[in-house]
Each structure stands twice: as C-alpha cells, then as structure tokens.
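Just so you know, we're using UniProt numbering here: the sequence shown kicks off at 1 and counts up by one.
Glycine included, each C-beta is placed from N, C-alpha and C at the ideal position.
It should be emphasised that the depicted structure is a prediction, and the values quoted were computed from it without experimental measurement.
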Amino acid sequence: MRISSGERVANYLILTVFAVFALYPILTILVAAFSKDTQAPGGFANFQQAWEIGRFGRSLLNSVLVSAFVVVTSVVLSVLAGFAFGTMRFRGSSVLFYLMLLGIMMPAEAIVVPLFFDLRAIGLTDTFWAIVLPQVAQSVAFGTFWLRAFFRTSSRALLEAARLDGAGSLRTLWSVLVPQARPAIVTLVVLVFMWTWNEFLIPLVMVPSNEALRTAPLGLSFFSGQYTQGFTLLAAGATIVALPVVIVYLFLQRHFIAGMLEGAVKE
C-alpha cells in the first residue's frame, strides 16, 4: 500500500509530539542533576556528592547481584518451561500452564505480606534469597507465557528433522530452537532486568532491618528521605540509579525491538 506524502508528514509529526512528551521529563531530570543550588556545587560534582552521601556504591552492587541472579535463573527456567508447554503434550499441561499464569495476574501487593510471614517462618527474611526468590517466581511466570508463544510457532518439520537425526529434547532445544529464539530471549532478558532493577516493594518488605542488602531504588528512597531535601542532588541520585537500565537497553535495543515486533507478528 502506497503512503502519500501528507500521511507520512502526519505520521512523523505525531511521532515527534509523542517523543517530546516522553523525553521532556527525562531532560528535566538531567538538567536538574547538573544544576547548582545551595546544597549542590553543580556539574559532575553533583553526582560525586550524591554518590558519597547516598552510599550508592553498595546499593548498586546489591542491585547488580540481585538482577544477575534473577535474570539468569528466570530466563533458563522460562526457556525450559516455555519449550515444554509449547512443544509437548502431557496430562495436565493446560492446567499447569494456566496455574502458572496466576503469577502474572496476581499483583505483588496482594501477596507480599503473606509471603513475608511465610519466609520469616523459615528464616529467610533479611537475606539475599528473600529478595530474589519472589522475583524469580514472578519473572518465570511471564517468561513461560512469552516463550511458549514463540515455541508453539516453531517449525514442526524442523523439530521432526532434529529427532530423526537422533537429537533428544534438550539437544533440540539448545541447538535448534534457542538460536532461532534469540530475539525473544533477549527481549525477555531486558524486560526482566528492568523489572528487577526497578523493584522497590519486595526488597523494602523482605529486608526490613538489613541495611547491607538495600538495592538501588531503596538506597535512592532513603537518600531522598534522610540525607537531603534538595531536588538537585536527588535528581543526580536518580540519574545514577537509572543509568544501568539505560545502558542495558541501548546495548540490546536492536534485539529487543526485533523480539517485540516478532512477538507481535506471531500473535
């Protein structure tokens, strides 16, 4: 279908308006982060001062460790579960799949308090596991749904050819399907990383008294509430916390967009 020049101009105009609308808050934060006020000297010195006052080094390291564990564990389990639900037929598969979908439909706010008491009963609160295990469970639920949709559309002829060549289920998965699913898997990696890095409620509830396990969003929250009332240093701290997500997205954006488009076409 041919698009007229007027329609093309209108499309670019609409996209420009939405881009300005989306980027304006980000630019406002960046400008404020480099500004000067009574508490901040201005420029890159704002980031140094915010880093020292907010002690972001430890909280960023905690977020890196938590995100790495959640992403790796969730993606591996999601690939295995998505492959099973997408290519195999076994008794109770539909019931198990829809039961797993409860992890997507159930908001964290509804289960975080009962989960806290369950983890406290087995001595896991105020530990690394209390932060990562609930997030792994949530991420695996979405990851299974996401990758099941991809594996269900995989070529049956290709799977049969792999089996005729003597490849088992795991060999077929890792050697045949995973390379084809790279855009979908990378998209899942980016989404899980962003969700895990930005998670605030679970670390707040699960580690109420262990300051050494505070993640970056928690560190930013305590920084804004205890150390400074100025918006400039707070903007610098927010930029520090958000920067890793931006870097990961920019590094993987081509695969992320390809996976999103591929999933949209398949659905």
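My guess is that S139 and S74 are in contact by the Cβ rule of under 8 Å, so how many angstroms apart are they, rounded?
Here the question's residue 139 lines up with position 139 in the sequence shown. Here the question's residue 74 lines up with position 74 in the sequence shown. Rounded, the Cβ-Cβ distance is 4 Å, consistent with contact.
Thinking C-beta only, is L177 closer than 8 Å to F97?
Indexing the sequence shown from 1 puts residue 97 at position 97. Indexing the sequence shown from 1 puts residue 177 at position 177. It is not a contact, given that the beta carbons lie outside the stated cut-off.
In terms of residue numbering, what span does the alpha helix (DSSP H) encompassing V71 cover?
By 1-based counting over the sequence shown, the position of residue 71 is 71. From DSSP, the alpha helix (DSSP H) with V71 extends over F56 to T87.
Among V245, V246 and M206, which residue has its Cα nearest to the Cα of F128?
Counting from one through the sequence shown, the residue named residue 128 turns up at place 128. Of the candidates V245, V246 and M206, the residue whose Cα lies closest to the Cα of F128 is M206.
Is it buried or exposed, I26, if we count other Cβ atoms within 10 angstroms and call 16 or more buried?
On the sequence shown, residue 26 is found 26 positions in, with the first residue counted as 1. The residue is exposed, with fewer than 16 neighbouring Cβ atoms inside 10 Å.
On a Cα-Cα basis, can you pick out the residue from T187, A161, V186 and L188 that is closest to S175?
Locating residue 175 in the sequence shown gives position 175, counting from the first residue. The option with the nearest alpha carbon to S175 is A161.
Would you please state the rounded distance, in angstroms, between the beta carbons of F150 and A181? I believe it to be under 8 Å.
Within the sequence shown, numbered from 1, the residue matching residue 150 stands at position 150. Within the sequence shown, numbered from 1, the residue matching residue 181 stands at position 181. Their Cβ separation, rounded to whole angstroms, is 5 Å, which keeps F150 and A181 in contact under 8 Å.
Just checking, does the region 100 to 107 make contact with the region 133 to 148 on the three C-beta pairs under 8 Å criterion?
yes
Helix, strand or coil: which one does DSSP assign to residue 340?
The structure shown has nothing for residue 340, since the chain only spans 1 to 267.
Under 8 Å by Cβ, that's how I've got T172 and L159 pegged, so tell me the actual separation to the nearest angstrom.
The residue labelled residue 172 in the question sits at position 172 within the sequence shown. The residue labelled residue 159 in the question sits at position 159 within the sequence shown. L159 and T172 do touch by the CB rule: their CB atoms are close to 6 Å apart, below 8 Å.
Would you call V265 buried or exposed, if buried means 16 or more other Cβ atoms sit within 10 Å of its Cβ?
Position 265 of the sequence shown, counted from the first residue, corresponds to residue 265. Note on V265: pLDDT 44, under 50, position unreliable in the model; the coordinate value appears next. It is exposed - the Cβ of V265 has fewer than 16 other Cβ atoms within 10 Å.
Span of the alpha helix (DSSP H) holding residue 269?
Not covered by the structure: residue 269. The range shown for the chain is 1 to 267.
Within this structure, are the beta carbons of L147 and G225 separated by less than 8 Å?
What you label residue 147 is simply residue 147 of the sequence shown in a count that begins at 1. What you label residue 225 is simply residue 225 of the sequence shown in a count that begins at 1. No, Cβ-Cβ distance for L147 and G225 is not below 8 Å.
DSSP three-state label for E199, please.
Locating residue 199 in the sequence shown gives position 199, where the first residue counts as 1. The answer is coil: DSSP assigns E199 none of H, G, I, E or B.
Below 8 Å on the Cβ atoms is my guess for T215 versus S5; work out the distance and round it to an integer in Å.
As a first step, residue 215 is located in the sequence shown; it is residue number 215 there, counting from the start. As a first step, residue 5 is located in the sequence shown; it is residue number 5 there, counting from the start. About 50 Å separates the two Cβ atoms, so there is no contact after all.
Under a Cβ-count criterion, where at least 16 other Cβ atoms within 10 Å of its own Cβ denotes burial, should S155 be classed as buried or exposed?
Taking the first residue of the sequence shown as position 1, residue 155 is located at position 155. With fewer than 16 other Cβ atoms within 10 Å, it is exposed.
Contact between the region 47 to 59 and the region 242 to 252 is defined here as three or more beta-carbon pairs at a separation below 8 Å; is this criterion met?
no
Hey, how far is the Cα of F145 from the Cα of L77?
Taking the first residue of the sequence shown as position 1, residue 145 is located at position 145. Taking the first residue of the sequence shown as position 1, residue 77 is located at position 77. Using only the alpha carbons, I get a separation of about 12 Å.
Find the nearest neighbour of E109 within the set T125, D118, I202 and Q49, judged by alpha-carbon distance.
Position 109 of the sequence shown, counting from 1, holds the residue named residue 109. With distances taken between Cα atoms, E109 lies closest to I202.
Are the CB atoms of L233 and L218 within a distance shorter than 8 Å?
For the purposes of this step, residue 218 is taken as residue 218 along the sequence shown, with counting starting at 1. For the purposes of this step, residue 233 is taken as residue 233 along the sequence shown, with counting starting at 1. No, the pair does not count as a contact, with Cβ atoms beyond the cut-off.
Would you kindly work out how many angstroms separate the C-alpha atoms of A22 and L170, rounded to a whole number?
Your numbering for residue 22 matches position 22 in the sequence shown. Your numbering for residue 170 matches position 170 in the sequence shown. Between A22 and L170, the C-alpha separation is close to 43 Å.
Going by DSSP in three states, F34 sits in which element: helix, strand or coil?
As a working mapping, residue 34 is identified with position 34 in the sequence shown. Correct three-state label for F34: coil.
Do the CB positions of Q49 and A40 come within less than 8 Å of each other?
Numbered from its first residue, the sequence shown carries residue 49 at position 49. Numbered from its first residue, the sequence shown carries residue 40 at position 40. The answer is yes: Cβ separation under 8 Å.
Using only the alpha-carbon positions, how far apart do M194 and V245 sit?
As a first step, residue 194 must be located in the sequence shown, where it is residue number 194. As a first step, residue 245 must be located in the sequence shown, where it is residue number 245. Their Cα atoms are separated by approximately 6 Å.
Over what stretch of residues does the alpha helix (DSSP H) that includes W129 continue unbroken?
Working through the sequence shown from its first residue, we reach residue 129 at position 129. Unbroken alpha helix (DSSP H) run through W129: F128 to R152.
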